[in-house]
Amino acid sequence: TEKYGIDIEYHCKPLGDTDWNGSGMHANFSTAYMREVGGKDYFEALMAAFDKNLMDHIAVYGPDNDKRLTGKHETAPWNRFSYGIADRGASIRVPHSFINNGYKGYLEDRRPNSQGDPYQIASQILKTIASVPASAEVSAAA
139 TEKYGIDIEY HCKPLGDTDW NGSGMHANFS TAYMREVGGK DYFEALMAAF DKNLMDHIAV
199 YGPDNDKRLT GKHETAPWNR FSYGIADRGA SIRVPHSFIN NGYKGYLEDR RPNSQGDPYQ
259 IASQILKTIA SVPASAEVSA AA
């Protein structure tokens with residue numbers, strides 16, 4: 139940046155309250171279990187866990203996310219969890235391939251922003267995943 143006289147701005151909404159979606163750092167994630175076993179019951183339990191831990195996630199997904207996650211511009215509101223198939227306006231976007239492969243594969247958390255710490259973000263995602271039992275246990279509990 140010094141060579142070209144350019145400044146870098148990492149804020150998630152560097153232009154303020156403007157009509158655009160800001161800067162995100164989406165987190166694609168999966169585990170071996172999600173890729174190899176998965177299943178609808180496990181997926182639904184996982185989404186319930188993400189909903190339950192909403193504020194724990196928001197706390198580490200970067201400052202000022204309330205300015206970026208407004209429910210407009212392909213974002214979900216910061217204070218409400220949602221998920222949807224190929225839904226760029228959801229908290230977690232579920233790829234078509236995930237559903238077509240029997241609820242197996244990766245998911246995309248669209249809430250982290252450009253100022254988030256990727257280690258804290260990954261840690262919180264993994265904590266939430268770890269709180270969900272294997273699908274056989276989910277089915278037995280239902």
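Here the sequence shown is numbered in the working numbering, starting from 139 and rising by one per residue. By construction, the Cβ of each residue, glycine as well, lies at the ideal position given by its N, Cα and C atoms. Just so we're clear, the structure is a prediction, and the values are computed from it rather than from any experiment.
Is DSSP giving residue i helix, strand or coil here?
i	result
Y221	strand
R173	helix
A165	strand
I230	strand
E246	strand
N159	coil
N239	coil
N251	strand
P256	helix
Have a look at residue i and residue j and give me their C-alpha separation to the nearest angstrom.
i	j	result
V232	I144	37 Å
T208	F219	12 Å
A224	H234	6 Å
G154	S229	22 Å
R226	Y244	15 Å
P250	K141	30 Å
T139	Y148	14 Å
N191	T266	7 Å
G222	M185	10 Å
D202	C150	7 Å
Using CA atoms only, rank isn't needed, just tell me which of the options is closest to residue i.
i	options	result
H164	I237, I259, D157, M185	I259
D194	K178, G162, N238, Q262	Q262
V175	Y142, P201, I237, K205	I237
K210	A187, G177, D157	D157
Y199	I267, Y142, H149, D255	D255
G162	A268, M185, D204	D204
Y171	P215, Q253, G240	G240
R281	Q253, V270, I146, A268	Given that the chain is displayed from residue 139 to residue 280, the structure contains no residue 281 and the question cannot be resolved.
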